[in-house]
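Read through the structure below, which is laid out as structure tokens, and then see the notes.
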């Protein structure tokens with residue numbers, strides 16, 4: 019009788035520990051994934067911003083990378099953000115903290131435009 023009670027308690031204890039581990043992983047894993055997710059990248063290539071439009075949450079850092087063989091800039095329409103001229107391989111980073119639409123262009127090639135939509139999910 020004692021052995022069956024002991025085995026029952028051991029199984030129950032093991033089940034409780036297993037469930038605790040599963041719930042811990044379920045709650046911790048999303049934050050670990052979010053913490054290690056790379057910043058969204060906008061590629062500057064063939065005289066375009068790719069993607070031309072992107073939607074992100076407030077607090078998101080975006081990285082622009084110039085893959086063209088000529089300089090480009092990332093400049094806000096209202097001039098609130100203005101990168102230096104980016105040579106081939108150069109990167110520019112900006113973190114968006116407020117909701118809204120960030121319209122930007124290249125001052126060297128004004129026909130190059132893009133939009134970052136900042137929205138709470």
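In the working numbering, the protein residues as written are 19 to 139. Built from N, CA and C at the ideal position, the CB exists for glycine as well. These numbers were taken from a predicted model, which means no experiment stands behind them.
> At which residues does the beta strand (DSSP E) containing residue 108 begin and terminate?
Replying inline: Here residue 108 corresponds to residue number 90 of the chain shown, with the count starting at 1. That residue, residue 108, is in no beta strand (DSSP E); it is neither H nor E in DSSP.
>> What does the Cβ neighbour count give for residue 107, buried or exposed, with the cut at 16 atoms within 10 Å?
In response: By 1-based counting over the chain shown, the position of residue 107 is 89. By the neighbour-count rule (16 or more Cβ atoms within 10 Å), residue 107 is not buried but exposed.
> When burial is assigned at 16 or more other CB atoms within 10 Å of the CB, is residue 91 buried or exposed?
Replying inline: Counted from its first residue, the chain shown places residue 91 at position 73. Classification of residue 91: buried, given that the 10 Å Cβ count is 16 or more.
> Just curious, the beta strand (DSSP E) that residue 120 is in, first and last residue?
Replying inline: Residue mapping note: residue 120 aligns to position 102 of the chain shown, counting from 1. Where residue 120 is concerned, the enclosing beta strand (DSSP E) stretches over 118 to 123.
> Can we say the region 93 to 102 touches the region 70 to 79, given the rule of at least three CB pairs closer than 8 Å?
Replying inline: no
> When the Cα of residue 138 is compared with those of 131, 104, 117, 132, which residue comes out closest?
Replying inline: Sequence index remark: in the chain shown, residue 138 carries index 120 (1-based). Distance from the Cα of residue 138 is smallest, within the candidate group 131, 104, 117, 132, for 117.
>> Just verifying my parser: in three-state terms, what is the DSSP assignment at residue 99?
In response: If you number the chain shown from 1, residue 99 lands on position 81. Three-state DSSP puts residue 99 in coil, outside helix and strand.
> With which residues is residue 79 paired in a DSSP beta bridge?
Replying inline: As a position in the chain shown, residue 79 is number 61, starting the count at 1. In DSSP, residue 79 forms a bridge with 113.
>> For residue 120, count the other beta carbons within 10 Å of its own beta carbon; 16 or more makes it buried, fewer makes it exposed. Which is it?
In response: The residue you call residue 120 lines up with position 102 of the chain shown. That one is buried.
>> I need the DSSP call for residue 133, collapsed to helix, strand or coil.
In response: Start at 1 with the first residue of the chain shown, and residue 133 comes out as number 115. Look at residue 133 here: in three-state DSSP terms it is strand.
>> Please return the same chain residues whose Cβ sits closer than 7 Å to the Cβ of residue 134, not counting the five positions on each side in sequence.
In response: On the chain shown, residue 134 is found 116 positions in, with the first residue counted as 1. So the list reads 72, 74, 80, 114, 120, once near-sequence residues are dropped.
>> Can you list, in chain order, the residues of its chain with a C-beta nearer than 6 Å to that of residue 132? Leave out the 5 residues immediately preceding and following it.
In response: The residue you call residue 132 lines up with position 114 of the chain shown. Cβ within range, chain order: 67, 70, 122.
> Would you call residue 65 buried or exposed, if buried means 16 or more other Cβ atoms sit within 10 Å of its Cβ?
Replying inline: As a first step, residue 65 is located in the chain shown; it is residue number 47 there, counting from the start. By the neighbour-count rule (16 or more Cβ atoms within 10 Å), residue 65 is not buried but exposed.
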